[in-house]
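Numbering (the working numbering), first residue to last: 170 to 566. Below you'll find the structure, written out as structure tokens, and then a few comments.
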Ligand SMILES: [Zn+2]
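Listed below in structure tokens is the structure:
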């Protein structure tokens, strides 16, 4: 992370913002020493960023003269609190909504029910949710820097197109364009796991790692690769489809229409379905109640439930090992709703992975709280400031 005198101003801005994101507050002189930029260049960029309220001088009382010769250097930091981003995680029956600051720290959040998965229904709900979020956080009428939306499916994040979402019945849908026409704020989209990974990369457990795998286990199973500090999307934006690696020839039917995919055998709905059949759970029970009953059985140490979670974990671990053998990550960061099974799931994933590892044995670090999906979506909006990956999608130009 070093600049040079010919580096353009835009790059210097990102250099300084990312340095402060990694290291916290630094003085102008320290920024110049670490980046190799001239003190004059640092002063110019810092002044510009302060003018945009993106940077702030720390511990300075308003009105007090600073920066004069002989005074203690004033630390500069990112003004996380001054900017707002909004994240939405679309589900088939609801939308998780969150308002965050620039560090994607949630300020307020709620879930909004939707009656169907029509794009118009989702746009209507988001349009209503934004003022409601601002009001709930006591920030009524304040501008937001952008909106991030995470969608389950295959997404071309750069072009801003949902290529397909079997869960929603969407194909080649320019969702950001449709949404932006309504709310008049820049919109970014990506799939759930990429969004989760962006948040992890910027401000989560992945902050200090340049090469890692983000694993998510919930309704589906997915993985995202961060290589050299950037998310690897693949040539069609569909890299990391760990959930659709075939684990069993002619196995259980997957939502993608094929048989034997890992997620059809090891994602949460598969575990619950197998348990309900084996344990003779009453039929007609609400899915959320069934899910709670399964979790309770796992937590109570029920042998049948634990056996099902263990088998799922071993399968996931086995295929995760292939990923590790191919990409040699520093760590694996695990998220998704299934993290509530905790060690009942993580221990067999580690064991299953170890059985098939060739050389390196990366740690699996769970980093998950309720609301992490929507927070990831908000990170889609904040990431362009730090630009470790890409700038605005074409639909925002
Ligand atoms: Zn599949």
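Ideal placement from N, C-alpha and C gives every residue a C-beta, glycine not left out.
Check	Outcome
Any non-hydrogen atom of ligand 1 closer than 7 Å to residue 433 Cβ	yes
Buried/exposed call for residue 215, threshold 16 Cβ in 10 Å	buried
Check whether residue 444 and residue 485 have beta carbons under 8 Å apart	no
Residues passing the C-beta test against ligand 1 heavy atoms, cut-off 6 Å	413, 423, 425, 427 and 430
Three or more C-beta pairs below 8 Å linking the segment 369 to 382 and the segment 310 to 328	no
Classification of residue 367 by the beta-carbon crowding that lies within 10 angstroms, buried from 16 upward	buried
DSSP state of residue 211 mapped onto helix, strand, coil	helix
At least three beta-carbon pairs within less than 8 Å, the segment 456 to 466 to the segment 350 to 365	no
First and last residue of the uninterrupted alpha helix (DSSP H) at residue 366	361 to 372
Contact set for residue 564: own chain, Cβ-Cβ below 8 Å, skip 5 residues either direction	Confidence in residue 564 is poor, its pLDDT being 41 and thus under 50, which makes the residue's placement unreliable; the coordinate value appears in the next sentence. Excluding sequence neighbours, residue 564 sits near 328, 329, 343, 345, 346, 349 and 356.
CB contact check: residue 366 to chain B, cutoff 8 Å	In the structure shown, chain B cannot be found, because there is only a single protein chain.
Among 376, 289 and 543, nearest to residue 351 - alpha-carbon criterion	289
CA nearest to the CA of residue 429, picked from 435, 439 and 418	418
Buried/exposed call for residue 426, threshold 16 Cβ in 10 Å	exposed
Cross-strand partners of residue 244 (DSSP beta bridge)	196
Exposed unless 16 or more other CB atoms sit within 10 angstroms - verdict on residue 437	buried
Residue 267 versus residue 526: straight-line alpha-carbon distance, rounded	38 Å
Range covered by the alpha helix (DSSP H) that runs through residue 525	512 to 525
Backbone CA spacing between residue 554 and residue 186 [nearest angstrom]	8 Å
Nearest-angstrom beta carbon gap, residue 336 and residue 261 [assumed within contact, 8 Å]	6 Å
Where the beta strand (DSSP E) containing residue 304 begins and where it ends	Counting along the chain, residue 304 falls outside any beta strand (DSSP E), though it belongs to the alpha helix (DSSP H) covering 288 to 305.
Per-residue burial, residue 265 [other beta carbons within 10 Å of its own, 16 or more giving buried]	buried
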